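A.B. asks: Have a look at this one.
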C-alpha cells in the first residue's frame, strides 16, 4: 500500500469512528432514540393537556411545556435567539410581537421547508399571511388562535336604561358608530354608567380593525398622514370621553376586574378569548352578559398567536410534526372547548357540530361561537411592524393624559414625537 493510499484509508477510518461516536452520543442524550422537545408558551392555553395527549399517541416523544407571562416570554425568547443559544425547540409568538421577530428570520426554521404548504388551505387567509415574511416565501409559524371581536353587553344595564336586551334586538339597535354613541348616551343618562370601561377600549374600537396601522409594509411611519386610522381611533376615544361614555377602569387592574364583575359599565368590545378570562375572574357576572355582533366599523381582530420552530433545534422534523398536530382543526376544537377558550383560526372548525352546538352558561346559555365566527369575515391582513407594542403604548399614554384633563391636540403631537424617538433607537 502506498503512503498516500494508507493516509487516505486511515483518514476514512477516523471519520467513520468519529461518526459512530457522535451517533452514540446522540442516542445517549436522547434516551436511545427518544426525543425531548422544549415548548415555550405564554398566557392561558390548554397546550399542556394536548402535549400529554400527543405523547400518548407518539411513544418516544416528550414535550416539556414552559408557561410564562406574555412580556417575560417574548423578551426571554428574543434574548435567547439573539445569543444563539438557549432557545426552545418550539415557541409561541403573539401576533402583536410577531413583526419584531421577523427581523431575526435566520434564527427560525422556515415551516415551508418542513411541509407547511400542504395544510395552508385549512386556515383563514389573512391569518396565514401575517405569519409569512414580506416576500411570502418564509413561514415563521403555523396559526393557532385568533381574536375576532364582538360586543359583550350587560343585560341588566341595558334593561335599566330601557333598552332591548335580546342579541338580535341589540344588533338591530346598534348597526353603526353613531348608533353606538347614541345608545351609550342613553345608558349614561338613565343609569349614570359609561358605555365602555376605558380609553383603551374606546381606541381599540377602530384600531383593531384598521387595514393599516402605524407603519406601511416598508416600515414607514404613517401616523402623520391625513386620514390615518390611528388618528381616527384616537379621535373617537377623545369624543367618547368628552360626552361621558368612557369609564376610568384601566384594563387588567383589580379595579377593572371588579367593574366587569359588578356591571359598572355597559359594553366590552372584546375578543373571543376574553370569555375565558371572564369565566375565571368575574363569577358574579355569570348570566348577566350576552354577546352580539359589533357594527362593521368596529369589527376587527385583537390578539392571537403562532407556533414557531427556532432554527437551533436539533429536531425540526419532530417539532414540526407536533406543531402541525397541535394546530390541526381537530386540536383547535379541543383548545376552543377547554377553559382557555382559544378561538380557532381554521374555518373547518366553524362547520363542526361540536362547535356550532356549543352553549355558554356564563352568557345565559347563549351560543356565542357563531358571533365570533361571523366576525372573522370582516377581518383583513394588517402589517403592524416591529415596534408596534411600544408605539401602541405611547398612544394609550396620551389618551390616559387626555382623560385626566390634558389637551387632546397637544397630547397627540407629543405622542407622535415620542413615537419617532422610539423607532429611531
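In mature numbering (1 follows the signal peptide of the UniProt record, and there is no 0), the protein residues as written are -22 to -1, 1 to 403. Think of the CB as a built atom: it goes at the ideal place given N, C-alpha and C, for glycine as much as any other residue. Just so you know, these numbers come straight off a predicted model, no measurement behind them.
1. Does the Cβ-Cβ distance between residue 284 and residue 122 come in under 8 Å?
2. For residue 233, which residues from the same chain have a beta carbon less than 7 Å from its beta carbon, with the 5 sequence-adjacent residues on both sides left out?
3. Relative to the C-alpha of residue 112, which residue among 359, 144, 365, 176 is closest?
4. If we require 4 or more residues per run, which alpha helix (DSSP H) segments fall completely within the region 270 to 325?
5. At the level of alpha carbons, what is the spacing between residue 116 and residue 307?
6. Out of 114, 169, 127, state which residue places its alpha-carbon closest to the alpha-carbon of residue 140.
7. Taking only three categories from DSSP, how would you classify residue -1?
8. Grab the span of the alpha helix (DSSP H) containing residue 185 for me, first residue to last.
9. Could you tell me how far apart the beta carbons of residue 288 and residue 81 are, in whole angstroms, since I believe they sit closer than 8 Å?
10. State buried or exposed for residue 346, treating a residue as buried only when at least 16 other CB atoms are found within 10 Å of its CB.
11. Looking only at its chain, what residues have a beta carbon closer than 7 Å to the beta carbon of residue 171, apart from the 5 residues adjacent to it on each side?
12. Looking only at C-alpha atoms, which of 74, 102, 119 sits nearest to residue 304?
13. Helix, strand or coil for residue 18 per DSSP?
14. Indicate whether residue 179 and residue 219 have their beta-carbon atoms separated by less than 8 Å.
15. Taking only runs that begin and end inside the region 49 to 93, name each unbroken beta strand (DSSP E) of 3 or more residues, in chain order.
16. If you count every other CB in all the chains shown that lies within 10 Å of the CB of residue 137, and 16 or more means buried, which is it?
17. DSSP puts residue 42 in a beta bridge; with which residues?
18. Tell me whether residue 127 sits in a helix, a strand or coil according to DSSP, three-state version.
19. Can you tell me whether residue 252 is helix, strand or coil according to DSSP?
20. Between the C-alpha atoms of residue 393 and residue 372, what's the straight-line distance to the nearest angstrom?
21. Does DSSP classify residue 247 as helix, strand or coil?
22. Specify the secondary structure class of residue 403 as computed by DSSP and reduced to three states.
23. Considering only the alpha carbon of each residue, which of 340, 75, 341, 312 lies closest to residue 405?
24. Which residues in the same chain have their Cβ closer than 6 Å to the Cβ of residue 73, if we skip the five residues on either side of it in sequence?
25. Does DSSP put residue 141 in a helix, a strand or coil?
26. Please tell me whether residue 339 and residue 388 are closer than 8 Å, where the distance is taken between their beta carbons.
27. Output needed for residue 100: all residues of its chain with C-beta closer than 7 Å, excluding positions within five of it in sequence on either side, in chain order.
28. For the region 190 to 204 against the region 267 to 280, are there 3 or more C-beta pairs whose distance is under 8 Å?
29. What number of angstroms, rounded off, separates the C-alpha of residue 5 from the C-alpha of residue 174?
30. For residue 261, name the three-state secondary structure that DSSP assigns.
31. In its own chain, which residues sit with a C-beta less than 6 Å from the C-beta of residue 411, not counting the 5 before and 5 after it?
32. From the DSSP output, in three-state form, read off residue 199 for me.
33. What's the gap between the Cα of residue 286 and the Cα of residue 15?
C.D. replies: Concretely, from the data shown:
1. Within the chain shown, the letter at position 306 stands for residue 284. Within the chain shown, the letter at position 144 stands for residue 122. Yes. Within cutoff.
2. As a first step, residue 233 must be located in the chain shown, where it is residue number 255. Taken in chain order, the residues that qualify are 227.
3. Counting from one through the chain shown, the residue named residue 112 turns up at place 134. Taking only the C-alpha atoms, the option nearest residue 112 is 359.
4. If only complete runs of 4 or more residues are kept, the region 270 to 325 shows the alpha helix (DSSP H) at 294 to 304, 307 to 315, in order along the chain.
5. By one-based count along the chain shown, residue 116 stands at place 138. By one-based count along the chain shown, residue 307 stands at place 329. Approximately 22 Å between the Cα atoms of the pair.
6. Residue 140 sits at position 162 when you count from the first residue of the chain shown. The shortest CA-to-CA distance from residue 140 to any of 114, 169, 127 is the one to 169.
7. Stepping through the chain shown from its first residue, residue -1 is reached at position 22. At residue -1 the pLDDT is 37, less than 50, meaning the model places this residue with poor confidence; the figure from the coordinates comes in the next sentence. Helix.
8. Taking the chain shown and counting its residues from 1, one reaches residue 185 at position 207. Here the alpha helix (DSSP H) through residue 185 covers 177 to 185.
9. Reading the chain shown from its first residue, position 310 is the one you call residue 288. Reading the chain shown from its first residue, position 103 is the one you call residue 81. Between residue 288 and residue 81 the beta-carbon gap is near 14 Å, outside 8 Å, which marks them as no contact.
10. For this step, residue 346 is matched to residue 368 along the chain shown. It is buried - the Cβ of residue 346 has at least 16 other Cβ atoms within 10 Å.
11. As a position in the chain shown, residue 171 is number 193, starting the count at 1. Here the set comprises 135, 165, 242, 243, 244.
12. Working through the chain shown from its first residue, we reach residue 304 at position 326. Residue 304 has its Cα closest to that of 119, out of 74, 102, 119.
13. Mapped onto the chain shown, residue 18 falls at position 40. Look at residue 18 here: in three-state DSSP terms it is strand.
14. Counted from its first residue, the chain shown places residue 179 at position 201. Counted from its first residue, the chain shown places residue 219 at position 241. Their beta carbons are not under 8 Å apart, which means residue 179 does not touch residue 219 by this criterion.
15. The qualifying runs are 68 to 72.
16. As a first step, residue 137 must be located in the chain shown, where it is residue number 159. With fewer than 16 neighbouring CB atoms inside 10 Å of its own CB, residue 137 falls in the exposed class.
17. For the purposes of this step, residue 42 is taken as residue 64 along the chain shown, with counting starting at 1. The beta-bridge partner set that DSSP reports for residue 42 consists of 16.
18. Here the question's residue 127 lines up with position 149 in the chain shown. Three-state DSSP puts residue 127 in a strand.
19. Locating residue 252 in the chain shown gives position 274, where the first residue counts as 1. Looking at residue 252 - three-state DSSP - the assignment turns out to be helix.
20. Residue numbering aside, residue 393 sits at position 415 when the chain shown is read from its first letter. Residue numbering aside, residue 372 sits at position 394 when the chain shown is read from its first letter. One C-alpha to the other measures close to 6 Å.
21. Counted from its first residue, the chain shown places residue 247 at position 269. It is a strand residue.
22. The sequence position of residue 403 within the chain shown is 425, counting from 1. Reduced to three states, the DSSP call for residue 403 is coil.
23. Absent from the model: residue 405. The displayed extent of the chain is -22 to 403, so no value can be given.
24. Residue numbering aside, residue 73 sits at position 95 when the chain shown is read from its first letter. The beta carbon of residue 73 sits closer than 6 Å to the beta carbons of 282 from its chain, once the five residues preceding and following it are set aside; these are given in chain order.
25. The residue given as residue 141 occupies position 163 in the chain shown. Looking at residue 141 - three-state DSSP - the assignment turns out to be coil, as it is neither helix nor strand.
26. In the chain shown, counting from the first residue as 1, residue 339 sits at position 361. In the chain shown, counting from the first residue as 1, residue 388 sits at position 410. It is not a contact, given that the beta carbons lie outside the stated cut-off.
27. Taking the chain shown and counting its residues from 1, the one referred to as residue 100 is at position 122. If we look at residue 100 and ignore the five residues flanking it on each side, its Cβ neighbours are 307, 324, 326.
28. Contact fails: fewer than three Cβ-Cβ distances are below 8 Å.
29. Stepping through the chain shown from its first residue, residue 5 is reached at position 27. Stepping through the chain shown from its first residue, residue 174 is reached at position 196. Since pLDDT at residue 5 reaches only 34, below the 50 mark, its modelled position is unreliable, and no value is offered.
30. Residue mapping note: residue 261 aligns to position 283 of the chain shown, counting from 1. DSSP places residue 261 in helix when its eight states are reduced to three.
31. An answer regarding residue 411 cannot be provided, because it is not within the stretch -22 to 403 covered by the chain.
32. Working through the chain shown from its first residue, we reach residue 199 at position 221. Here residue 199 sits in strand by DSSP.
33. Against the chain shown, residue 286 aligns to sequence position 308. Against the chain shown, residue 15 aligns to sequence position 37. If I take the Cα positions, the gap works out to 13 Å.
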